[in-house]
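Asker: What the sequence shown shows, in the UniProt record's numbering, is residues 4 to 444, in sequence order.
C-beta atoms are modelled at their ideal positions from N, C-alpha and C, and glycine is treated no differently.
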Amino acid sequence: DVQHNPLIGLKGYRAKILHFAKATTSPKDDYCYFEDGLLVTRDGKVIFTGDYKNNINQYDKLDIQDYSGKLLLPGFIDSHMHFPQTEMLASFGEQLLDWLTDYTFPTENKFADYTYARAMADVFLRQLYRHGTTSAMVYSSVHKCAADALFEAAQKHNMLLMAGKVCMDRNCPDWLQDSPQTAQRDSAELIKTWHGKDRLHYVITPRFAPTSSEAQLAVLGELAQQYPSVFIQSHLSENHNEIAWVKSLYPKHKHYLDVYDHFGLVRQGAVFGHAIHLEKDEWQCLAERGASIAFCPTSNLFLGSGLFNLAQAEQHNIPVMLATDVGGGTSFSMLKTLGEAYKVCQLRGNQLDPMHGLYLMTQGAAVGLGLEQQIGNLNPGSDADFVILDPLFDELTELRFKHHNSPQDLIFALSILGDDRATVATYIAGKPVYQAARQHN
Ligand code: GUN
Ligand code: FE
Numbered sequence: 004d005v006q007h008n009p010l011i012g013l014k015g016y017r018a019k020i021l022h023f024a025k026a027t028t029s030p031k032d033d034y035c036y037f038e039d040g041l042l043v044t045r046d047g048k049v050i051f052t053g054d055y056k057n058n059i060n061q062y063d064k065l066d067i068q069d070y071s072g073k074l075l076l077p078g079f080i081d082s083h084m085h086f087p088q089t090e091m092l093a094s095f096g097e098q099l100l101d102w103l104t105d106y107t108f109p110t111e112n113k114f115a116d117y118t119y120a121r122a123m124a125d126v127f128l129r130q131l132y133r134h135g136t137t138s139a140m141v142y143s144s145v146h147k148c149a150a151d152a153l154f155e156a157a158q159k160h161n162m163l164l165m166a167g168k169v170c171m172d173r174n175c176p177d178w179l180q181d182s183p184q185t186a187q188r189d190s191a192e193l194i195k196t197w198h199g200k201d202r203l204h205y206v207i208t209p210r211f212a213p214t215s216s217e218a219q220l221a222v223l224g225e226l227a228q229q230y231p232s233v234f235i236q237s238h239l240s241e242n243h244n245e246i247a248w249v250k251s252l253y254p255k256h257k258h259y260l261d262v263y264d265h266f267g268l269v270r271q272g273a274v275f276g277h278a279i280h281l282e283k284d285e286w287q288c289l290a291e292r293g294a295s296i297a298f299c300p301t302s303n304l305f306l307g308s309g310l311f312n313l314a315q316a317e318q319h320n321i322p323v324m325l326a327t328d329v330g331g332g333t334s335f336s337m338l339k340t341l342g343e344a345y346k347v348c349q350l351r352g353n354q355l356d357p358m359h360g361l362y363l364m365t366q367g368a369a370v371g372l373g374l375e376q377q378i379g380n381l382n383p384g385s386d387a388d389f390v391i392l393d394p395l396f397d398e399l400t401e402l403r404f405k406h407h408n409s410p411q412d413l414i415f416a417l418s419i420l421g422d423d424r425a426t427v428a429t430y431i432a433g434k435p436v437y438q439a440a441r442q443h444n
């Protein structure tokens, strides 16, 4: 009798379960791991995470999806990426400023067409899900209609998406410019339509200092003040030519970050992409304001931008999140991104522990965004966004994992050898949004 069944709406998942329950500065040791674990969800939320054998008897006749031997993790959070750059991954031969002119601006121009943008939004989300990413902070194009298209697509999946219309009113092609007035009007309309609706969040998005006039940064700063719960995102100190350009455009400012800070755009909930070549005062300012950094290793290598200093960011207690930066980055895979982050840290003379890296793409990112009640972990009450990975997804990984399978080892080898081939299934708010076609056994 359905009405008297206390198990109604409950769904169980049996797997190796790994997550970070709390904010921590030593993720290497502070993780929760259940070798034979049980996750129970209801109405899109986690209601239980723990050991299978000790707890299954509380859930008589629970509907269980058996992923024994697979790894169940919180869905990945990609904290910096560009929706309209999906189709221009792997564009050859340039560093940042030429890459923007030659490839990026012409591609983003296609998103003036709502129908095109809406179709690409489905492609974009499909790519996220097949790579195990369930939340992202996303730059759309300059066009309001493309941001509408992206929010609509995410809403359909009940996804926690943070996104914003790019604002840029100079130093880019005139056919791709807004103005201070239209940037303010369009951003405000998007906030009113989408911010706080279902699981959607708006992000005020000046592209970067060179493409915004002072007048535009000023109106965006006012908007940020008017809506304290919206996020902010921009690019910061990615490339030496870019930094020199900012200095010439904004000669009165102490440093690059000071341009944003002057207009009230550096605060909690502001995420700055790259932050590779920072001055001492800039580290200090980010720390004082409580802003975060998106570390984009594949992009920083691909565009020859430089090696991010993770150790220095953490010495300053600045929240760092991992990000793909698609399409300056080279993959939608957060696993691959973690592998490249490891290599960047190697070149900096540090070893990035795999658990530390995993933290930066799950709970650590959620804490940095102030969203740890919703995402980034498998705590009761959090949204049931999770991914199932098969560490033995091919012949090589079967050999690799025959003898060694501590959780650290699984995550590390997945970060070096893995990609979307390892994804068995991805769930958002308790519903599958991706299931691999091949049999994982
Ligand atoms: N700086 C300004 N715009 C961009 C962009 O689209 N990608 C990257 N990587 N850096 C930028
Ligand atoms: Fe970027």
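Report buried or exposed for residue 159, applying the criterion of at least 16 other Cβ atoms within 10 angstroms of its Cβ.
Answerer: On the sequence shown, residue 159 is found 156 positions in, with the first residue counted as 1. With fewer than 16 Cβ atoms within 10 Å of its Cβ, residue 159 is classed as exposed.
Asker: What is the C-beta distance between residue 92 and residue 330, in whole angstroms, given that I count them as a contact (C-beta under 8 angstroms)?
Answerer: Within the sequence shown, numbered from 1, the residue matching residue 92 stands at position 89. Within the sequence shown, numbered from 1, the residue matching residue 330 stands at position 327. Between residue 330 and residue 92 the Cβ distance is about 5 angstroms, and since that is below 8 angstroms, they are a contact.
Asker: First and last residue of the alpha helix (DSSP H) that includes residue 192?
Answerer: By 1-based counting over the sequence shown, the position of residue 192 is 189. Looking at the DSSP string, the run of the alpha helix (DSSP H) that includes residue 192 is 183 to 197.
Asker: Within the present structure, is the beta-carbon of residue 299 separated from the nearest heavy atom of the ligand GTP by less than 8 angstroms?
Answerer: Within the structure as shown, the ligand GTP is missing, the only ligands being the ligand GUN and the ligand FE.
Asker: Could you name the residues of the same chain whose beta carbon sits closer than 8 angstroms to that of residue 408, not counting the 5 residues immediately before and after it, in chain order?
Answerer: Within the sequence shown, residue 408 is the residue found at index 405, counting from 1. Correct list, in chain order: 394.
Asker: Can you tell me whether residue 480 is helix, strand or coil according to DSSP?
Answerer: Outside the displayed span of the chain (4 to 444) sits residue 480, for which this structure offers no information.
Asker: Skipping 5 residues on each side, what residues in its chain have a beta carbon closer than 7 angstroms to that of residue 50?
Answerer: For this step, residue 50 is matched to residue 47 along the sequence shown. Excluding sequence neighbours, residue 50 sits near 43, 44, 383.
Asker: Residue range of the beta strand (DSSP E) that residue 17 falls in?
Answerer: To locate residue 17, count along the sequence shown from 1; it is residue 14. First-last of the beta strand (DSSP E) with residue 17: 14 to 22.
Asker: Where residue 445 and residue 24 are concerned, what is the direct C-alpha to C-alpha distance, given to the nearest angstrom?
Answerer: Given a span of 4 to 444 for the chain in the structure shown, any question on residue 445 remains unanswerable.
Asker: Does any heavy atom of the ligand FE sit closer than 8 angstroms to the C-beta of residue 276?
Answerer: Sequence index remark: in the sequence shown, residue 276 carries index 273 (1-based). Indeed, a heavy atom of the ligand FE lies less than 8 angstroms from the Cβ.
Asker: Using 8 angstroms as the cut-off, classify the Cβ of residue 331 as near or not near the heavy atoms of the ligand FE, replying yes or no.
Answerer: In the sequence shown, counting from the first residue as 1, residue 331 sits at position 328. Yes, the Cβ of residue 331 comes within 8 angstroms of a heavy atom of the ligand FE.
Asker: Residues near the ligand GUN, CB to any non-hydrogen atom under 6 angstroms, in chain order?
Answerer: That query returns the following residues: 85, 99, 103, 107, 210, 211, 238, 241, 302, 328, 331.
Asker: Please go through the same chain and pick out, in chain order, the residues whose beta-carbon is closer than 7 angstroms to the beta-carbon of residue 211, but skip the five residues on each side of it.
Answerer: Reading the sequence shown from its first residue, position 208 is the one you call residue 211. These residues qualify, in order along the chain: 237, 238.
Asker: Assign residue 360 to one of two classes, buried (16 or more other C-beta atoms within 10 Å of its C-beta) or exposed (fewer than that).
Answerer: Numbered from its first residue, the sequence shown carries residue 360 at position 357. Buried, by the Cβ-count rule.
Asker: If we count the other Cβ atoms within 10 Å of its Cβ and call it buried at 16 or more, is residue 181 buried or exposed?
Answerer: By one-based count along the sequence shown, residue 181 stands at place 178. Burial call: buried.
Asker: Since residue 434 sits in a beta bridge, which residues does DSSP pair it with?
Answerer: Residue 434 sits at position 431 when you count from the first residue of the sequence shown. DSSP lists 431 as partners of residue 434.
Asker: Quick check: residue 277 and residue 243, are their CB atoms within less than 9 angstroms of each other?
Answerer: For the purposes of this step, residue 277 is identified with residue 274 of the sequence shown, where counting begins at 1. For the purposes of this step, residue 243 is identified with residue 240 of the sequence shown, where counting begins at 1. No, Cβ-Cβ distance for residue 277 and residue 243 is not below 9 angstroms.
Asker: Roughly how many whole angstroms lie between the Cα atoms of residue 250 and residue 259?
Answerer: Stepping through the sequence shown from its first residue, residue 250 is reached at position 247. Stepping through the sequence shown from its first residue, residue 259 is reached at position 256. Distance between the alpha carbons of residue 250 and residue 259: 7 angstroms.
Asker: Any heavy atom of the ligand FE within a distance shorter than 8 angstroms of the CB on residue 83?
Answerer: Numbered from its first residue, the sequence shown carries residue 83 at position 80. Yes; taking the cut-off as 8 angstroms, the Cβ of residue 83 has a heavy atom of the ligand FE nearer than that.
Asker: Please list, in chain order, all residues of the same chain as residue 417 whose beta carbon is under 7 angstroms from its beta carbon, the five residues on each side excluded.
Answerer: As a working note, residue 417 is residue 414 in the sequence shown. Within the same chain, residue 417 has close Cβ partners 338, 392, 394, 425.
Asker: Provide the residue(s) that pair with residue 324 in DSSP beta bridges, ordered along the chain.
Answerer: Taking the sequence shown and counting its residues from 1, the one referred to as residue 324 is at position 321. DSSP lists 297 as partners of residue 324.
Asker: According to DSSP, is residue 273 part of a helix, a strand, or is it coil?
Answerer: For this step, residue 273 is matched to residue 270 along the sequence shown. Strand, per DSSP.
Asker: How about residue 183 and residue 143: do their beta carbons lie closer than 9 angstroms?
Answerer: Mapped onto the sequence shown, residue 183 falls at position 180. Mapped onto the sequence shown, residue 143 falls at position 140. Taking 9 angstroms as the Cβ cut-off, residue 183 and residue 143 do not qualify as a contacting pair.
Asker: Give the straight-line distance between the Cα atoms of residue 420 and residue 400, rounded to the nearest whole angstrom.
Answerer: Within the sequence shown, numbered from 1, the residue matching residue 420 stands at position 417. Within the sequence shown, numbered from 1, the residue matching residue 400 stands at position 397. Taking the straight line joining both Cα atoms gives about 8 angstroms.
Asker: How about residue 234 and residue 193: do their beta carbons lie closer than 9 angstroms?
Answerer: Taking the first residue of the sequence shown as 1, we reach residue 234 at position 231. Taking the first residue of the sequence shown as 1, we reach residue 193 at position 190. Result no, Cβ atoms of residue 234 and residue 193 do not sit closer than 9 angstroms.
Asker: Just verifying my parser: in three-state terms, what is the DSSP assignment at residue 342?
Answerer: In the sequence shown, counting from the first residue as 1, residue 342 sits at position 339. Residue state, collapsed to three classes: helix.
Asker: Using the C-alpha atoms, what's the distance from residue 53 back to residue 248?
Answerer: In the sequence shown, the residue the question calls residue 248 occupies position 245. In the sequence shown, the residue the question calls residue 53 occupies position 50. About 53 angstroms.
Asker: Over the uninterrupted beta strand (DSSP E) stretch that includes residue 164, give me the two end residues.
Answerer: Translated into positions along the sequence shown, residue 164 becomes position 161. Start and end: 163 to 167.
Asker: Quick one: using the 10 Å Cβ neighbour count with 16 as the cut-off for buried, is residue 272 buried or exposed?
Answerer: Counting from one through the sequence shown, the residue named residue 272 turns up at place 269. By the neighbour-count rule (16 or more Cβ atoms within 10 Å), residue 272 is buried.
Asker: Whole alpha helix (DSSP H) runs in the stretch 14 to 83 with 4 or more residues, listed along the chain?
Answerer: As far as the stretch 14 to 83 is concerned, its whole alpha helix (DSSP H) runs of at least 4 residues are 55 to 58.
Asker: If I follow the unbroken beta strand (DSSP E) through residue 396, where does it start and stop?
Answerer: Along the sequence shown, read from residue 1 onward, the residue named residue 396 stands at position 393. Neither: residue 396 is in no beta strand (DSSP E) and is coded neither H nor E.
Asker: Based on Cα-Cα distance, which residue from 356, 140, 116, 377 lies nearest to residue 146?
Answerer: Counted from its first residue, the sequence shown places residue 146 at position 143. Comparing Cα-Cα distances from residue 146 to each of 356, 140, 116, 377, the minimum goes to 116.
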